[in-house]
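Student:
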Amino acid sequence: MRLKFLLLIALILTIVLTLFPDIALQTLRIEAFGWQFETRQGAFVVSLLLIFGVLWLIQRLLSALIAGPGQLWQTLRMGGKKRREQRLRDGIAQYLDMRGDYGKRAFKKSRGVIPDWAVALLHTSTASATDQGLSASNDDSLMIALRARIATDPEAKPRPDIATRKVHLEAWLKSQPNAPLALIRMADLAVEEQDWKHAVERLESIWKHGYRSASRAKPEMARAWLALAEQEPKHGMEYLRKAYRMQPESGAVVLALGYAHIKEHNAKTAEKLWLGHLQKHSDLNIAKASFELLNSAALAAFRKLEKQQGTAALQWLVARLAHAGKLDGLAEEALSSLLETQPCREFWQTQAEWLTQKEQWQEAMLAYQKALDC
Numbered sequence: 425m426r427l428k429f430l431l432l433i434a435l436i437l438t439i440v441l442t443l444f445p446d447i448a449l450q451t452l453r454i455e456a457f458g459w460q461f462e463t464r465q466g467a468f469v470v471s472l473l474l475i476f477g478v479l480w481l482i483q484r485l486l487s488a489l490i491a492g493p494g495q496l497w498q499t500l501r502m503g504g505k506k507r508r509e510q511r512l513r514d515g516i517a518q519y520l521d522m523r524g525d526y527g528k529r530a531f532k533k534s535r536g537v538i539p540d541w542a543v544a545l546l547h548t549s550t551a552s553a554t555d556q557g558l559s560a561s562n563d564d565s566l567m568i569a570l571r572a573r574i575a576t577d578p579e580a581k582p583r584p585d586i587a588t589r590k591v592h593l594e595a596w597l598k599s600q601p602n603a604p605l606a607l608i609r610m611a612d613l614a615v616e617e618q619d620w621k622h623a624v625e626r627l628e629s630i631w632k633h634g635y636r637s638a639s640r641a642k643p644e645m646a647r648a649w650l651a652l653a654e655q656e657p658k659h660g661m662e663y664l665r666k667a668y669r670m671q672p673e674s675g676a677v678v679l680a681l682g683y684a685h686i687k688e689h690n691a692k693t694a695e696k697l698w699l700g701h702l703q704k705h706s707d708l709n710i711a712k713a714s715f716e717l718l719n720s721a722a723l724a725a726f727r728k729l730e731k732q733q734g735t736a737a738l739q740w741l742v743a744r745l746a747h748a749g750k751l752d753g754l755a756e757e758a759l760s761s762l763l764e765t766q767p768c769r770e771f772w773q774t775q776a777e778w779l780t781q782k783e784q785w786q787e788a789m790l791a792y793q794k795a796l797d798c
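Its first residue numbered 425, the sequence shown is counted upward by one per residue in the working numbering.
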């Protein structure tokens, strides 16, 4: 900056002295400490500027030599590099803010700081998901990956249709077969398409490669196996067992597996599965299914379960079995205890139904109201 200022002054003085030669030829006399110096004004000004320029050059050369042999050229060209870097920064800011020409002119002036292929990537990065063109087989692999990543972004609005996203992902995986994000998004796309057979394969693959944690991958795989069991009932039991291995704590999986056992005439297995689940998980859907299964022998089932301690859902099941076995006092006592500790809509509704059977209409109405308020 100081060099620019010095050159600007020199240029202005040169123009002035050229336009007004009489001023340049006037005599300049300096007297100090007994010394007398006399010269022409023009020659004095030019000499002074040359001295300053030489001193500046000597200073830069000395600093470069002290820094090291290879630093000389870097020191001399640093000003130009900083300007190009600043233009690059301005261009990126225009891209991010979507201002002006999106930095096209700024990028042209910053050539040498980044390569041409990086400029092309920056141009592509500003296009929306729906504006990303399909990649050709001879395109740069980085360009293919960037287009596919933008086009398949799950947060993009609006999003391209499934077919377009699938083409992008296939091109990405063709150029980079083991790209983790491409494999993950291909698995998510299979789930979105409800192509459960391919979904379970891809979800299992990304889990085994460590691209997703077990805590996230296993529920997704269990959901896919569960859906596949509904889609292909012929192999339903096989798929449900795989889903159960993935997520044994899932109420939806346990419920479906229990019904599959009942369908194969293994009611005892279903009973054991459901009651074991209710020991650890308060799942009212499984408690309802267990009641339907045990209701035909309600009294015997109550005697079997009355001493067991478990979740609120299990205690609700025990109370309903007692009521179905004509042990109204025990049933009402157990239900009242549940309503004091863990009131919920299903418990209040059960009490309302029992009160209705006894024709205690006012109390039943209050119970229904509390069920609605939950």
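Note that the Cβ used here is the ideal one computed from N, Cα and C, for glycine as well.
Values in this document were obtained by computation on a predicted structure and should not be read as measured data.
Cutting at 8 Å between CB atoms, please list the residues of its own chain near G527, excluding the five before and the five after it.
Tutor: Once the five neighbours on either side are set aside, the close Cβ partners of G527 are D514, G515, I516, A517, Q518, Y519, L546.
Student: Of the residues V677, R665, H622, G634, which one's Cα is nearest the Cα of R647?
Tutor: Here the closest residue by C-alpha is V677.
Student: Closest to S599 by CA distance: which of D555, S559, I608, D577 is it?
Tutor: The shortest Cα separation from S599 among D555, S559, I608, D577 belongs to S559.
Student: Taking buried to mean at least 16 other C-beta atoms within 10 Å of its own C-beta, is P601 buried or exposed?
Tutor: Exposed.
Student: Whose CA, out of K731, F726, E757, A736, lies closest to the CA of A746?
Tutor: Of the listed residues, the one whose Cα sits closest to A746 is F726.
Student: With a 10 Å radius around its C-beta and 16 neighbouring C-beta atoms as the bar for buried, classify D797 as buried or exposed.
Tutor: Exposed.
Student: Determine whether the beta carbon atoms of L723 and W698 lie at a separation below 9 Å.
Tutor: No, the Cβ-Cβ distance between L723 and W698 is not below 9 Å.
Student: Alpha carbon to alpha carbon, how far is W772 from L779? Give it in angstroms, no decimals.
Tutor: About 11 Å.
Student: Quick check: what's the CA-CA separation for I710 versus Q703?
Tutor: The straight-line gap from Cα to Cα measures roughly 11 Å.
Student: Would you mind sorting Q786 into buried or exposed? The rule is 16 or more other CB atoms within 10 Å of its CB.
Tutor: Exposed, by the Cβ-count rule.
Student: So the alpha helix (DSSP H) T693 belongs to, where does it begin and stop?
Tutor: T693 -> alpha helix (DSSP H) spans 691-704.
Student: Comparing C-alpha positions only, which one of R511, V537, T548, D540 sits nearest to A530?
Tutor: The shortest C-alpha separation from A530 is found at R511.
Student: Between A755 and A743, which are expected to be in contact by the criterion C-beta below 8 Å, what is the C-beta distance as a whole number of angstroms?
Tutor: Correct: roughly 5 Å between the Cβ atoms.
Student: Return the first residue and the last residue of the alpha helix (DSSP H) that D612 is part of.
Tutor: Where D612 is concerned, the enclosing alpha helix (DSSP H) stretches over 604-617.
Student: Please look up how many angstroms separate the CB atoms of A680 and L664, rounded, as I've assumed it's under 8 Å.
Tutor: Right, their Cβ atoms sit about 6 Å apart.
Student: May I ask you to report which of helix, strand or coil DSSP gives Q600?
Tutor: Here Q600 sits in coil by DSSP.
Student: Are the CB atoms of A553 and A606 within a distance shorter than 9 Å?
Tutor: Result no, Cβ atoms of A606 and A553 do not sit closer than 9 Å.
Student: With a cut-off of 8 Å on the beta carbons, I'd call K581 and L613 a contact; round off their distance for me.
Tutor: So it is not a contact: roughly 17 Å between Cβ atoms.
Student: Is it buried or exposed, K696, if we count other Cβ atoms within 10 angstroms and call 16 or more buried?
Tutor: Exposed, because fewer than 16 other Cβ atoms sit within 10 Å of the Cβ of K696.
Student: With a threshold of 7 Å on Cβ separation, who are the neighbours of G524 within its own chain once the five nearest residues in sequence on each side are excluded?
Tutor: Around G524: Q518.
Student: Roughly how many whole angstroms lie between the Cα atoms of S674 and G753?
Tutor: Between S674 and G753, the C-alpha separation is close to 34 Å.
Student: Within 10 Å of its beta-carbon, does R669 have 16 or more other beta-carbons around it, so buried, or fewer, so exposed?
Tutor: Exposed.
Student: My guess is that W631 and A651 are in contact by the Cβ rule of under 8 Å, so how many angstroms apart are they, rounded?
Tutor: So it is not a contact: roughly 17 Å between Cβ atoms.
Student: Using a threshold of 9 Å, state whether the C-beta atoms of I433 and L481 are closer than that.
Tutor: No, these two residues do not count as a Cβ contact at 9 Å.
Student: Within 10 angstroms of the Cβ of L500, are there 16 or more other Cβ atoms? Answer buried if so, exposed if not.
Tutor: Reliability of the predicted coordinates at L500 is poor, the pLDDT of 46 falling under 50, and no value is obtained from them.
Student: Out of curiosity, what's the CA-to-CA distance linking R626 and L593?
Tutor: Rounded to the nearest angstrom, the two C-alpha atoms are 13 Å apart.
Student: What is the DSSP secondary structure of K621, reduced to helix, strand or coil?
Tutor: Helix at K621.
Student: Report the three-state DSSP secondary structure of L527 (helix, strand or coil).
Tutor: The sequence as given places Gly at residue 527; Leu does not occur at that position. In the structure shown, G527 sits in coil (DSSP, three-state: anything other than H, G, I, E or B).
Student: Within the stretch 754-792, note down every full alpha helix (DSSP H) run reaching 4 residues or more, in order along the chain.
Tutor: Here the runs fully enclosed are 769-781.
Student: Kindly indicate the opening and closing residues of the alpha helix (DSSP H) around H747.
Tutor: Looking at the DSSP string, the run of the alpha helix (DSSP H) that includes H747 is 736-748.
Student: Going along the chain, which residues of its own chain have a beta-carbon closer than 6 Å to the beta-carbon of S534, five neighbours each way excluded?
Tutor: Excluding residues within five positions, the ones whose Cβ falls inside 6 Å are R508, R511, L512.
Student: Suppose only complete runs of 4+ residues qualify. What are the alpha helix (DSSP H) ranges in the stretch 556-601, listed by chain order?
Tutor: Here the runs fully enclosed are 565-575, 586-599.
Student: In angstroms with no decimal places, state the Cα-to-Cα distance between L597 and S565.
Tutor: Each residue's alpha carbon lies about 10 Å from the other.
Student: State the CB to CB distance for the pair G557 and R571, rounded to an integer number of angstroms; the pair is presumed to be in contact (CB under 8 Å).
Tutor: Correct: roughly 7 Å between the Cβ atoms.
Student: Return the Cβ separation of S714 and L741 in integer angstroms, given the expectation that the two are a contact with Cβ distance under 8 Å.
Tutor: Correct: roughly 6 Å between the Cβ atoms.
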